[in-house]
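Residue numbers (our numbering): 3 to 404.
Okay, so here's the structure we're looking at.
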């Protein structure tokens, strides 16, 4: 572990348990005051000088053995970065894991997990739909040599094979917000690691490791960053698995830029208050949408959160075209409210029968609620819905993916 992160990590481990809101502000920053700093420094170096080549060689050999972060000063940007290490320390603290490993995107993080398991001859994955559309495609296409068996939650145990390396679930799921019993799933997995995509919930609403998951995946682009200006992924896990992930990251180059690490650490400091404020607004929008005759069905998880999905009687494309305050865009978790049509965008790559089977209907809209005033949001949504009269015939969707 490099010297910049060692102090923060060791101090964090020695402190008594702290509330999540406190951890969000202080984790990964515990050493700053002693250095005479308030804001975390951004280390943009790609390489670092060393006059002890024998010692440096020994540290590289140690990394090659178990993937542990090299002791002492940093060596090379692809091995690790002090600024990124601060974010990893903080996220691990929030998720309640020993370690976390950050990547250039959520898909890079998932790919690294699959490669770690495949390197052990465990290429088979058991997965529950719905998942994020690109995660679904990565597994279905076997792009990394993996083989997937799609099951419902009750079928996980029966689908396990000797070469099963991973069980992958998302709860609440993208885009239907379906929730799974992670504790029951972890039990069904036996010795096979359960990976829970916690992007929608964040550690503010749930910590999957407390329910038996071994790996927790985040598209950090979303709520962890929180401002729509950084792309990243991260896996929270035990240190043994983290070492393997670091080795894959070093070999494949899916590293996170230091500036992104800085922005993510900053984003974590406001994560609890952002989630709670947006969730309060989302709950009120759910109440209004549920009572609206233009809306056929509303999906909202029991644990709450800032994500809403709803099916309308009219044309969802008209709603996308007519919002003015709400931003019609993919992604989620920003301070501004976003809306998109999953069947056309985020889940277009999923085959139609599988998409529909997972509950992603052609009339479903997914909305990520931001921090705007509830009345302003409702005025915009109400006017957009008002131009989609009940009974409007749905246009045929193109079969071409996006």
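Where a beta carbon is used, it is the ideal one built from N, C-alpha and C, also for glycine.
Within the present structure, is the beta-carbon of residue 318 separated from the nearest heavy atom of the ligand MG by less than 8 Å? Absence of the ligand MG is noted for the structure shown, with no ligands found whatsoever.
Alpha helix (DSSP H) segment containing residue 277, residue limits: 273-292 is the extent of the alpha helix (DSSP H) around residue 277.
Exposure label - residue 384; buried when at least 16 CB within 10 Å: Counting Cβ neighbours within 10 Å, residue 384 comes out exposed, since fewer than 16 surround it.
For the putative contact between residue 182 and residue 173, defined by C-beta atoms under 8 Å, what is the C-beta separation to the nearest angstrom? Contact holds; Cβ gap of about 4 Å.
Where does residue 202 sit, in a helix, a strand or coil, going by DSSP? In the structure shown, residue 202 sits in coil (DSSP, three-state: anything other than H, G, I, E or B).
Tell me the DSSP secondary structure of residue 157 in three-state form. Secondary structure of residue 157 (DSSP, three-state): helix.
Look at the alpha carbon of residue 127 and the alpha carbon of residue 143, and state the distance between them as a whole number of angstroms. Between residue 127 and residue 143, the alpha-carbon positions lie close to 12 Å from each other.
Determine the burial state of residue 72: buried for a count of at least 16 other Cβ atoms within 10 Å of its Cβ, exposed for fewer. By the neighbour-count rule (16 or more Cβ atoms within 10 Å), residue 72 is buried.
Could you spell out the range, first to last residue, of the beta strand (DSSP E) harbouring residue 172? Secondary structure note for residue 172: its beta strand (DSSP E) is the uninterrupted segment 166-172.
Just the Cα atoms here: how many angstroms apart are residue 263 and residue 91? Cα to Cα, residue 263 sits roughly 11 Å from residue 91.
Neighbour-count burial assignment, residue 323, 16 or more Cβ in a 10 Å radius: Counting of Cβ neighbours within 10 angstroms places residue 323 among the exposed residues, the total staying below 16.
Using alpha carbons as the reference points, say which of 336, 252, 233 lies closest to residue 106. Considering only alpha carbons, the answer is 233.
Taking the alpha carbon of residue 44 as the reference point, which residue from 259, 210, 366 has its own alpha carbon closest? Residue 44 has its Cα closest to that of 259, out of 259, 210, 366.
Residues near residue 339 in its chain [Cβ-Cβ closer than 8 Å; skip 5 each side]: Within the same chain, residue 339 has close Cβ partners 327, 328, 329, 369, 370, 371, 372, 374, 379.
How many angstroms separate the CA atom of residue 28 from the CA atom of residue 220? Those two C-alpha atoms are separated by around 20 Å.
Anticipated Cβ contact below 8 Å, residue 347 with residue 136, distance rounded: The pair is not a contact, with the Cβ atoms about 11 Å apart (cut-off 8 Å).
For a cutoff of 9 Å on Cβ pairs, would you count residue 208 as touching chain B? Checking the listed chains, one finds no chain B in this structure; it contains a single protein chain.
Per the DSSP calculation, residue 152 is bridged to which residue(s)? Residue 152 pairs with 129.
Endpoints, beta strand (DSSP E) assigned at residue 314: Residues 309-314.
Report the option in 191, 251, 213, 228 whose CA atom is closest to the CA atom of residue 166. Residue 191 is the option with its Cα nearest to residue 166.
Can you tell me whether residue 359 is helix, strand or coil according to DSSP? DSSP places residue 359 within a helical segment (H, G or I) once states are collapsed to three.
Have a look at 108, 56, 96, 118 and flag the residue whose alpha-carbon is nearest the alpha-carbon of residue 244. Among 108, 56, 96, 118, the Cα nearest to that of residue 244 is on 118.
Which two residues bound the contiguous beta strand (DSSP E) that contains residue 113? First-last for residue 113: 108-120, but that is the alpha helix (DSSP H), not the beta strand (DSSP E).
Opposing strand residues paired with residue 103 [DSSP bridges]: Note: residue 103 is bridge-paired with 237 in the DSSP secondary-structure output.
Option nearest residue 316 by Cα separation, candidates 355, 366, 69: Selected option, being the one with the closest Cα: 366.
Contacting residues, own chain, Cβ-Cβ under 6 Å from residue 283 (five flanking each side not counted): Counting only Cβ-Cβ distances below 6 Å, and skipping sequence neighbours, we find 371, 376.
Could you give the C-beta distance for residue 89 and residue 104, rounded to a whole number, given that I count them as a contact under 8 Å? With 8 Å as the limit, residue 89 and residue 104 qualify as a contact, their Cβ atoms being about 6 Å apart.
In chain order, what residues of the same chain have a beta carbon less than 6 Å from the beta carbon of residue 331, not counting five sequence neighbours either side? Contacts found: 340.
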